[in-house]
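The structure appears right after this line, and notes come after that.
There are 2 protein chains.
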Amino acid sequence: MPSPSDIRLPFPASVLRAPKGSAWQRWQIDPEAARPQVSLKSLDPAEKPFSGGDKAADKAAVERLADEIDQLQNVFHPDARYKLLVVLQGTDTAGKDGTVRGVFGRTSPLGVRTVGWKAPSEAERAHDYLWRIHQAMPGNGEIVVFNRSHYEDVLVPVVNGWIDKAQTQQRYAHINDFERLLAETGTVVLKFMLHIGFDEQRQRLQDRIDDPEKHWKFSLGDLEVRKQWGAYQKAYEDFLATTSTPWAPWTVVPANSKTHRNLMVATIVRDTLQRLALRFPPDDPALKNLRVE
Amino acid sequence: MPSPSDIRLPFPASVLRAPKGSAWQRWQIDPEAARPQVSLKSLDPAEKPFSGGDKAADKAAVERLADEIDQLQNVFHPDARYKLLVVLQGTDTAGKDGTVRGVFGRTSPLGVRTVGWKAPSEAERAHDYLWRIHQAMPGNGEIVVFNRSHYEDVLVPVVNGWIDKAQTQQRYAHINDFERLLAETGTVVLKFMLHIGFDEQRQRLQDRIDDPEKHWKFSLGDLEVRKQWGAYQKAYEDFLATTSTPWAPWTVVPANSKTHRNLMVATIVRDTLQRLALRFPPDDPALKNLRVE
């Protein structure tokens, strides 16, 4: 990994860092550590570090934050100096869709684009695994949310034994290098791992089975993946430790509570946008006293 | 144009038709007429055919409709039998962005994708003009909104004299054939021409010049385009008459009032989705009594 002094971001690196002593800090995988220890077992998915203690008040706060993000997007777009990529990772039922709705549900569809990543097509597999990812990146003034991401390419192959340890390390390096390119050319990359417990997932899968209106969210394959829970958690720990970089750090979001999950992600997105000190483009003297005929 | 009996839509053709005697009917360019007369001068952009008469009530109705569209999208997606393309055309300041926000501002960003079309890049110009359009089409269960569209390719070249009459007719035929492909393979195509008056545009452009926070929406080129107002109106009339087909009809939306514009578009989108008789996918017997371990 390049030393922090080699990195040239077009925004202060502190934009991406959990402030010392903040509720966020414990949940951000330390991007300065050479190889931080990550133990998902020691991070309780039922915790609510961003909660004020009252659920109704937390819900109201999420709505206010969603409105604030909409307002900030209204400047982020014309400002056009930065791009924002929000990566959402998590096991089945971790709440990726719900986070998009809760956090960006008040933003005009003009202002935010979501990309849901599925298994690559044959045409996509004919390219390197970052090829299709690169094409989906936000442009200046654009916000893109990834529902799953290129991290599936160091999850699924690892858990299923399709790539060995050396190949996995190689992929981490590719991804870190790729994200460094993005960051150094103006993309603010926020990566969230939505963290739910094994029991919570059981309940949520059961809900999808029991409610006919949720059947479409369920496939029998989800139960096979659930059997690999331990291997997936280990693969998560591995990439969280290896790809939380100063230019694209990971945050683990305790997500058993949907309201808390939205509150935490929305707060971090809002704070990050605020720290960018967004502004409308400078005045154009040609427009002074111009009258339309 | 193929005769209506040749057309095989996977949904009733009536889904796309303004009901006889409805407020919508006068504003839909008759898709059954061989070549309807279209006179934008006779369609007053200040009219409010969908208004209940009270602006506050109209605004509240738009919010309710936006919520209803969100609810319908929640079934449209898992239903996955259809695709929805909403085309928004109109002169500068006609309110395309505002319509997206007003009509789809309550829909999760997961459920609707917007595409803003600008002048083609060099790489895009190396292909036919529908090549990039085709790539942006919605898939099953997806809603896509076009902010401008392929109709710019029979507006800008026509007004600037880059293509002659025969070439223009040829493009209309391409577009009609292309949209027929879309419709016959499950895409519901709703096309709206947002219609504002010459004076209304003057005021809106002036607002963009006078308000520094709106400068980014303005370019000096907009004043040059405004000088071609008459030629653009004529080009609009021409394609409205030629490309309002039974499988993809045009509706003119009187849009001097922003509230009315949103009310009319939202009502038609809501009604169209309702008429599709959406439903969750049929029950899967494999899920009966299934328990998650």
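Those protein sequences? They're chains D and P, same order as listed. Residue 1 is where the first sequence starts when you use full-length UniProt numbering, and the numbers rise one by one after that. Residue 1 is where the second sequence starts when you use full-length UniProt numbering, and the numbers rise one by one after that. We put the beta carbon where it would ideally sit given N, CA and C, even for glycine.
- Excluding residues up to 5 positions away in sequence, Lys258, Arg261, Asn262 lie with their Cβ nearer than 8 Å to the Cβ of Gly98 (chain D) in the same chain.
- Excluding sequence positions up to five before and after Phe104 (chain P), its CB lies within less than 6 Å of the CB of Val112, all in the same chain and listed in chain order.
- Taking the beta carbon of Asp283 (chain P) as reference, the chain D residues within 9 Å of it are Pro212, His215, listed in sequence order.
- For Val103 (chain D), there is no enclosing beta strand (DSSP E); the enclosing alpha helix (DSSP H) has its first and last residue at 96–104.
- Where Asn262 (chain P) is concerned, the enclosing alpha helix (DSSP H) starts and stops at 258–275.
- With a threshold of 16 other beta carbon atoms within 10 Å, Asn147 (chain P) meets it and is buried.
- Leu194 (chain D) has D:Gly90, D:Val253 as its beta-bridge partners, per DSSP.
- Bounds of the beta strand (DSSP E) holding Gly116 (chain P) are 112–116.
- Between the alpha carbons of Gly90 (chain P) and Asp164 (chain P) lies a distance of about 22 Å.
- Taking a Cβ-Cβ cut-off of 8 Å, Thr93 (chain P) has no neighbours in chain D, whose nearest Cβ is about 10 Å from it.
- Residue burial is scored here from C-beta neighbours: Glu32 (chain D) has fewer than 16 other C-beta atoms within 10 angstroms and is therefore classed as exposed.
- Among the residues facing chain D, Arg113 (chain P) is included, as its CB has a counterpart in that chain under 8 Å away.
- With contacts defined as CB atoms closer than 8 Å, Leu88 (chain D) and Val188 (chain D) fail to qualify as a contacting pair.
- Residue contact with chain D for Gln206 (chain P): present (Cβ-Cβ distance below 8 Å to some residue of chain D).
- Between the stretch 40–49 of chain D and the stretch 192–201 of chain D, the count of C-beta pairs closer than 8 Å reaches three or more; the two stretches touch.
- If you draw a 10 Å sphere on the C-beta of Phe198 (chain D), you find fewer than 16 other C-beta atoms in it, and that means exposed.
- At a cut-off of 8 Å between beta-carbon atoms, Ala123 (chain D) makes no contact with chain P.
- Neighbourhood of Ser108 (chain D) in chain P, by CB distance below 7 Å: Val100, Arg101, Gly105, in chain order.
- Nearest C-alpha to Gly186 (chain D) among D:Pro78, D:Pro249, D:Pro138: D:Pro138.
- For Asn147 (chain P), the enclosing beta strand (DSSP E) has its first and last residue at 143–147.
- DSSP places Ala119 (chain D) outside both helix and strand once states are collapsed to three, so it counts as coil.
- Judged by DSSP in its simplified three-state form, Lys83 (chain P) adopts strand.
- Counting C-beta atoms within 10 angstroms of its own C-beta, Asn289 (chain P) has fewer than 16 neighbours from the protein chains shown and is therefore classed as exposed.
- The C-alpha of Leu40 (chain D) is placed about 10 Å away from the C-alpha of Trp27 (chain D).
- Residue contact with chain D for Val145 (chain P): present (Cβ-Cβ distance below 8 Å to some residue of chain D).
- No Cβ of chain P is located within less than 8 Å of the beta carbon of Asp67 (chain D).
- Here Gly53 (chain D) is exposed: its Cβ has fewer than 16 other Cβ atoms, across all protein chains shown, within 10 Å.
- Assigned with DSSP and collapsed to three states, Thr242 (chain D) falls in helix.
- Taken in chain order, the whole alpha helix (DSSP H) runs of length 4 or more contained in the stretch 152–191 of chain P are 156–159, 165–184.
- Residue burial is scored here from C-beta neighbours: Glu179 (chain D) has at least 16 other C-beta atoms within 10 angstroms and is therefore classed as buried.
- Around the beta carbon of His150 (chain D), a 10 Å sphere encloses 16 or more other beta carbons of the protein chains shown; the residue is thus reported as buried.
- Residues of chain P whose Cβ lies closer than 8 Å to the Cβ of Arg202 (chain D) are, in chain order, Val292, Glu293.
- Per DSSP, reduced to three states, the secondary structure at Ala33 (chain P) is coil, with no helix or strand assignment.
- Less than 8 Å separates the beta-carbon of Leu190 (chain P) from that of Ile268 (chain P).
- Taking Val86 (chain D) as reference, the option from D:Arg291, D:Ala286, D:Leu273 with the minimal CA-CA separation is D:Leu273.
- For Leu223 (chain D), the uninterrupted alpha helix (DSSP H) segment begins and ends at 221–227.
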